[in-house]
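A.B. asks: One structure is given below, represented as structure tokens, and several questions about it will come after.
Residue numbers (the working numbering), protein chains in the order written: chain A, 18 to 769; chain B, 25 to 258.
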């Protein structure tokens with residue numbers, strides 16, 4: 018064993034983010050003191066990011082099994098059978114911290130990372146979605162972050178030729194210093210070609226392919242590398258720099274390996290680079306890995322084993338080739354102009370052993386780094402302010418006086434306004450699969466060679482989660498499923514990205530535990546398994562945590578593809594029917610925030626059975642081809658959802674369609690009726706001669722359904738009738754005015 | 025008819041073009057790796073969109089040095105049909121098969137959306153299935169589609185009816201307001217003087233199937249088949 022050049026002092030241990038207790042465990046595992054390289058390897062593998070040490074015991078609650086599940090959590094991504102011998106492979110990941118420091122590259126490399134997770138499984142990525150959170154746009158910094166993140170996603174995704182087909186963006190000042198960038202990717206693979214990240218086959222060669230390793234990304238969570246090498250440059254960029262062109266070549270090369278059937282395992286080098294890829298592959302297969310670091314392609318001379326192992330240079334993969342097939346791997350890499358080298362072999366002893374010119378520089382049991390990483394059952398309890406937040410009385414909140422004015426104000430709110438400024442910068446059509454472009458409830462892509470399509474959505478309302486983490490999380494799952502069903506899809510699988518603050522704080526841990534419970538219960542109710550996901554903790558700046566933000570990515574199957582349905586009204590004269598019941602749900606609404614500057618109250622209560630009944634009923638109607646459009650009611654409530662139904666994207670061909678509608682106040686507050694956010698509601702439009710049949714069918718299924726009006730005209734007319742209704746309770750505005758307000762809001766706010 | 029689709033490192037509309045021609049028109053298609061040196065057996069070449077060589081240096085600038093380009097120049101010189109779409113158009117400009125250059129879009133951002141173009145010349149091998157003056161709805165997706173050339177070249181393009189597509193509104197009015205990228209004279213697509221090389225920024229392969237509710241793009245490929253059939257039946 019080579020002696021370490023630096024003593025392992027308590028300061029060094031602390032700088033690596035390891036607790037005393039964790040260091041004692043390391044001593045037990047090794048039976049001796051670690052050297053610096055080993056300490057570095059332990060520190061990244063046992064970091065929250067890689068080990069999920071605060072979250073693992075809770076994530077076990079998720080339902081992860083189902084008829085269609087081919088690969089559940091624990092791999093690079095989950096895989097769900099979609100028939101025809103194909104699997105949909107998907108996952109969502111965060112790239113929050115880097116995107117705040119450097120929005121363009123932070124977001125771009127986030128896209129790069131999730132794409133690698135998908136094609137590592139052997140799947141060709143066919144769709145990307147992004148779930149983004151920023152502070153309000155009145156701050157120049159937030160405008161800068163939004164523009165940077167969007168350009169970064171656009172730059173990387175467009176170049177890769179993978180369409181960015183959807184996602185969501187919400188704004189709240191709580192994200193001012195902690196913006197969230199969560200990226201979802203889905204790919205398609207022949208089930209028989211699904212590849213796993215395991216180092217199978219003792220004696221098989223291990224290859225490194227892709228970008229050369231540099232000193233980038235050896236980040237502050239571990240030690241600044243210049244402490245150990247005075248000659249090295251003083252400043253290291255913490256955010257990695259992406260190269261989508263190289264990644265595109267990697268993608269094509271990897272898919273070519275598959276066709277030739279020459280790999281035994283493959284793993285991308287994401288966080289913790291060479292360290293995590295080698296440890297995870299060995300640990301999954303129950304084998305060991307031996308690496309000769311002298312053979313690792315590198316950008317700079319004199320890199321130490323520590324730096325090589327901890328670098329997070331992008332666009333790199335670690336492969337295990339089938340014995341004797343390494344020359345074919347190298348030949349394919351040569352064709353695509355990618356660096357490649359044999360750097361080691363699979364061993365049988367369960368150790369990750371690192372050599373430098375034949376000398377052992379680190380030797381650790383793979384199991385100690387992965388499976389045996391620490392896990393904590395951290396204490397949790399509700400924050401003291403929780404009751405104050407939740408028990409908000411609406412008695413002192415004045416009801417709306419001019420509903421039209423409020424509607425315009427809500428449509429102008431960036432969270433609700435059109436995101437076309439964003440998705441116009443994303444190539445959302447490359448691949449020629451996009452059946453439903455961004456802007457509807459869910460994106461829909463066809464699966465070539467089949468009569469199927471997949472619908473995808475990402476959803477999460479963090480304000481609901483702040484007010485009640487359990488309910489907020491169930492609402493996110495319900496909304497995702499509802500969005501898919503509105504698009505004509507049967508939900509088949511879930512991935513998630515759980516963004517929270519510091520788990521060492523009991524109140525944050527409480528939010529986390531309840532949210533996981535909510536997701537679990539809701540996924541069970543809808544019978545959709547969680548097949549992959551990501552946890553992002555410590556989203557906290559100056560002791561201020563973000564709102565708990567679990568984001569749900571859900572995938573649904575549409576068969577036949579022609580059942581794909583969009584949210585927009587199609588024809589004048591069609592009847593508009595509201596499915597579901599409207600209750601007095603004002604707590605945590607966008608209306609309450611925008612109009613009354615309050616983020617309080619109990620979020621809308623969700624009855625999972627009611628929701629399931631609604632979704633089953635709607636899906637049946639779509640499959641029977643009874644309806645023209647379906648749109649989920651969410652942020653901004655019924656009035657906003659109805660307006661959105663009128664905002665058909667084909668405005669270039671003519672004016673958007675107006676609508677004439679009547680709503681019964683039914684002893685409610687006007688604001689609750691128009692802008693309350695009761696879940697389990699969907700607006701559908703139907704040909705007039707189908708209306709009676711649909712109302713009868715809904716009644717049979719015990720789903721409330723009311724015919725509220727008719728599509729047509731140039732105005733948006735929403736009459737509120739009943740006791741308590743006043744002249745200002747109704748809305749009559751030209752649809753063009755509403756459309757312009759909604760359509761231009763984001764751009765106006767960015768250029769103010 | 026045998027179509028060849030060139031594949032450069034970074035091409036990403038290669039499979040889409042092949043799919044559109046094969047599925048939309050039932051024609052034979054071969055993908056041709058940029059390291060190949062022969063176009064034998066190919067009746068028409070499509071230079072597809074994407075980010076050849078990552079668009080590093082300048083869009084299309086590096087692709088012009090690929091081995092296949094010599095064969096392409098020869099193919100074009102002999103009158104073979106060459107269609108360049110988006111990055112393919114940019115490559116044809118760089119290699120000199122078409123005149124002019126591409127600059128970054130006027131607002132400096134990538135734009136992906138449907139646009140309308142007016143068929144200014146329906147008597148070409150790429151537009152013979154269209155009516156003169158027909159308005160097509162086609163998607164664009166690019167960051168560098170701001171076509172520019174010097175005034176003398178522009179005059180000759182105009183005089184020789186080499187401007188094939190212009191950006192227009194849904195009524196066919198060629199006006200600045202609907203020019204998505206700032207291109208000179210609202211130019212969306214041009215042909216060479218001989219008429220056998222055509223470059224355009226919109227993506228016809230993205231609207232060549234009925235499933236998208238718009239098959240205007242198919243007209244471009246159908247025209248090529250018509251032109252080929254006509255030549256070979258006489």
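Even glycine gets a Cβ: it sits at the ideal position worked out from N, Cα and C.
Using only CA atoms, which one of 477(A), 521(A), 164(A), 473(A) lies nearest to residue 507(A)?
C.D. replies: Here residue 507(A) corresponds to residue number 490 of the first chain, with the count starting at 1. Closest by alpha carbon: 473(A).
A.B. asks: Whole angstroms is fine: what's the gap from residue 389(A)'s alpha carbon to residue 284(A)'s?
C.D. replies: What you label residue 389(A) is simply residue 372 of the first chain in a count that begins at 1. What you label residue 284(A) is simply residue 267 of the first chain in a count that begins at 1. Distance between the alpha carbons of residue 389(A) and residue 284(A) is about 20 Å.
A.B. asks: Pick helix, strand or coil for residue 218(B), following the three-state DSSP scheme.
C.D. replies: Indexing the second chain from 1 puts residue 218(B) at position 194. DSSP places residue 218(B) in coil when its eight states are reduced to three.
A.B. asks: Cα-Cα, which of 134(A), 429(A), 522(A), 77(A) is closest to residue 399(A)?
C.D. replies: Here residue 399(A) is taken as the residue at index 382 of the first chain, counted from 1. Nearest option by C-alpha distance: 522(A).
A.B. asks: Take residue 238(A) and list the residues in its own chain whose beta-carbon comes closer than 7 Å to its own, dropping the five residues that flank it on each side.
C.D. replies: As a working note, residue 238(A) is residue 221 in the first chain. Residue confidence is low: residue 238(A) scores 41 on pLDDT, short of 50, so the model does not pin down where it sits. Its coordinate-derived value is still stated next. Cβ neighbours of residue 238(A) beyond the five flanking positions: 34, 64.
A.B. asks: Restricting to Cα atoms, I'd like to know which of 222(A), 386(A), 687(A) is closest to residue 347(A).
C.D. replies: Counting from one through the first chain, the residue named residue 347(A) turns up at place 330. Residue 222(A) is the option with its Cα nearest to residue 347(A).
A.B. asks: Would the beta-carbon of residue 453(A) fall within 9 Å of that of residue 447(A)?
C.D. replies: Sequence index remark: in the first chain, residue 453(A) carries index 436 (1-based). Sequence index remark: in the first chain, residue 447(A) carries index 430 (1-based). Contact flag unset, no.
A.B. asks: Relative to the C-alpha of residue 533(A), which candidate in 488(A), 505(A), 124(A) has its C-alpha closest?
C.D. replies: On the first chain, position 516 is the one that residue 533(A) refers to. Nearest of 488(A), 505(A), 124(A) to residue 533(A), Cα basis: 488(A).
A.B. asks: Are the CB atoms of residue 225(A) and residue 335(A) nearer to each other than 9 Å?
C.D. replies: By one-based count along the first chain, residue 225(A) stands at place 208. By one-based count along the first chain, residue 335(A) stands at place 318. Going by C-beta atoms, residue 225(A) is nearer than 9 Å to residue 335(A).
A.B. asks: Does any residue of chain A have a CB that is nearer than 9 Å to the CB of residue 135(B)?
C.D. replies: Within the second chain, numbered from 1, the residue matching residue 135(B) stands at position 111. Judged by the 9 Å Cβ criterion, residue 135(B) is in contact with chain A.
A.B. asks: Which of the residues in the stretch 227-239 of chain B, read from start to end, lie with their CB under 7 Å from any CB of chain A?
C.D. replies: Hits within the stretch, in order: 229, 230, 235.
A.B. asks: What are the boundary residues of the beta strand (DSSP E) that includes residue 161(B)?
C.D. replies: For this step, residue 161(B) is matched to residue 137 along the second chain. Residue 161(B) -> beta strand (DSSP E) spans 159-166.
A.B. asks: Which residue comes first and which comes last in the alpha helix (DSSP H) that contains residue 173(A)?
C.D. replies: Locating residue 173(A) in the first chain gives position 156, counting from the first residue. First-last of the alpha helix (DSSP H) with residue 173(A): 157-177.
A.B. asks: Given this structure, state the Cα-to-Cα distance separating residue 520(A) from residue 541(A), to the nearest angstrom.
C.D. replies: In the first chain, the residue the question calls residue 520(A) occupies position 503. In the first chain, the residue the question calls residue 541(A) occupies position 524. Residue 520(A) and residue 541(A): Cα-Cα distance of roughly 26 Å.
A.B. asks: Within the same chain, show all residues whose beta-carbon is closer than 8 Å to that of residue 416(A), passing over the 5 residues directly before and after it, in chain order.
C.D. replies: Walking along the first chain from the start, residue 416(A) turns up at place 399. If we look at residue 416(A) and ignore the five residues flanking it on each side, its Cβ neighbours are 686, 687, 688.
A.B. asks: Please tell me whether residue 26(B) has its Cβ less than 9 Å away from any Cβ of chain A.
C.D. replies: Locating residue 26(B) in the second chain gives position 2, counting from the first residue. Answer no: the Cβ-Cβ gap between residue 26(B) and chain A never drops below 9 Å.
A.B. asks: In this structure, does DSSP put residue 507(A) in helix, strand or coil?
C.D. replies: As a position in the first chain, residue 507(A) is number 490, starting the count at 1. Of the three classes helix, strand and coil, the one that applies to residue 507(A) here is strand, per DSSP.
A.B. asks: Going straight from the alpha carbon of residue 320(A) to that of residue 291(A), what length do you get?
C.D. replies: Residue mapping note: residue 320(A) aligns to position 303 of the first chain, counting from 1. Residue mapping note: residue 291(A) aligns to position 274 of the first chain, counting from 1. Cα to Cα, the separation comes out at about 14 Å.
A.B. asks: In this structure, does DSSP put residue 322(A) in helix, strand or coil?
C.D. replies: The residue you call residue 322(A) lines up with position 305 of the first chain. Residue state, collapsed to three classes: helix.
A.B. asks: When the Cα atoms are used, what is the spatial distance from residue 140(A) to residue 611(A)?
C.D. replies: Counting from one through the first chain, the residue named residue 140(A) turns up at place 123. Counting from one through the first chain, the residue named residue 611(A) turns up at place 594. Residue 140(A) and residue 611(A): Cα-Cα distance of roughly 43 Å.
A.B. asks: Quick check: residue 486(A) and residue 529(A), are their CB atoms within less than 9 Å of each other?
C.D. replies: Residue mapping note: residue 486(A) aligns to position 469 of the first chain, counting from 1. Residue mapping note: residue 529(A) aligns to position 512 of the first chain, counting from 1. Yes, Cβ-Cβ distance for residue 486(A) and residue 529(A) is below 9 Å.
A.B. asks: Name the chain A residues that come within less than 9 Å of residue 74(B), Cβ to Cβ?
C.D. replies: Taking the second chain and counting its residues from 1, one reaches residue 74(B) at position 50. Per Cβ cutoff of 9 Å: 176, 178, 265, 447.
A.B. asks: For residue 547(A) and residue 83(A), I'd like the C-alpha separation in whole angstroms.
C.D. replies: Locating residue 547(A) in the first chain gives position 530, where the first residue counts as 1. Locating residue 83(A) in the first chain gives position 66, where the first residue counts as 1. Cα-Cα distance, rounded: 9 Å.
A.B. asks: From the beta carbon of residue 165(B), is the nearest beta carbon of chain A less than 9 Å away?
C.D. replies: Numbered from its first residue, the second chain carries residue 165(B) at position 141. At least one chain A Cβ lies under 9 Å of residue 165(B).
A.B. asks: For my contact list, residue 639(A) and residue 647(A) are in at a C-beta cut-off of 8 Å; report their separation, rounded to the angstrom.
C.D. replies: Along the first chain, read from residue 1 onward, the residue named residue 639(A) stands at position 622. Along the first chain, read from residue 1 onward, the residue named residue 647(A) stands at position 630. About 7 Å; that satisfies the 8 Å criterion.
A.B. asks: I'd like the list of long-range same chain contacts for residue 316(A), defined as Cβ closer than 7 Å, with 5 residues on each side in sequence excluded.
C.D. replies: Within the first chain, the letter at position 299 stands for residue 316(A). These residues qualify, in order along the chain: 229, 230, 231.
A.B. asks: Counting Cβ pairs closer than 8 Å, one from the stretch 423-439 of chain A and one from the stretch 620-627 of chain A, do we hit at least three?
C.D. replies: Touching, no, given that fewer than three Cβ pairs across the two stretches are closer than 8 Å.
A.B. asks: State yes or no: is the beta carbon of residue 276(A) nearer than 9 Å to at least one beta carbon in chain B?
C.D. replies: For the purposes of this step, residue 276(A) is taken as the residue at position 259 of the first chain. False, the Cβ-Cβ gap to chain B never drops below 9 Å.
A.B. asks: Of the choices 201(A), 262(A), 198(A), whose alpha-carbon is the least far from that of residue 227(A)?
C.D. replies: As a first step, residue 227(A) must be located in the first chain, where it is residue number 210. The candidate whose alpha carbon is nearest that of residue 227(A) is 262(A).
A.B. asks: Starting from the beta carbon of residue 36(B), find every residue of chain A whose beta carbon is closer than 9 Å, and list them in chain order.
C.D. replies: On the second chain, residue 36(B) is found 12 positions in, with the first residue counted as 1. Correct list: 175, 176, 177, 178, 179, 265, 444, 447, 448.
A.B. asks: DSSP beta-bridge partners for residue 368(A)?
C.D. replies: Working through the first chain from its first residue, we reach residue 368(A) at position 351. Residue 368(A) is bridged to 382(A).
A.B. asks: Name the residues in the stretch 301-333 of chain A whose C-beta lies less than 8 Å from a C-beta of chain B; which are they?
C.D. replies: Residues: none.
A.B. asks: CB-CB under 6 Å to residue 145(B), same chain, minus the five flanking residues each way: which ones, in chain order?
C.D. replies: As a first step, residue 145(B) must be located in the second chain, where it is residue number 121. Contacts found: 185, 188.
A.B. asks: Within 10 Å of its beta-carbon, does residue 683(A) have 16 or more other beta-carbons around it, so buried, or fewer, so exposed?
C.D. replies: In the first chain, counting from the first residue as 1, residue 683(A) sits at position 666. Flag for residue 683(A) reads exposed.
A.B. asks: Taking only beta-carbon positions, decide if residue 457(A) is within less than 9 Å of chain B.
C.D. replies: Your numbering for residue 457(A) matches position 440 in the first chain. Not closer than 9 Å to any Cβ of chain B, the Cβ of residue 457(A) fails to qualify, so no.
A.B. asks: Which residues of chain B have a Cβ atom closer than 7 Å to the Cβ of residue 353(A), listed in chain order?
C.D. replies: Counted from its first residue, the first chain places residue 353(A) at position 336. What residue 353(A) touches in chain B: 33.
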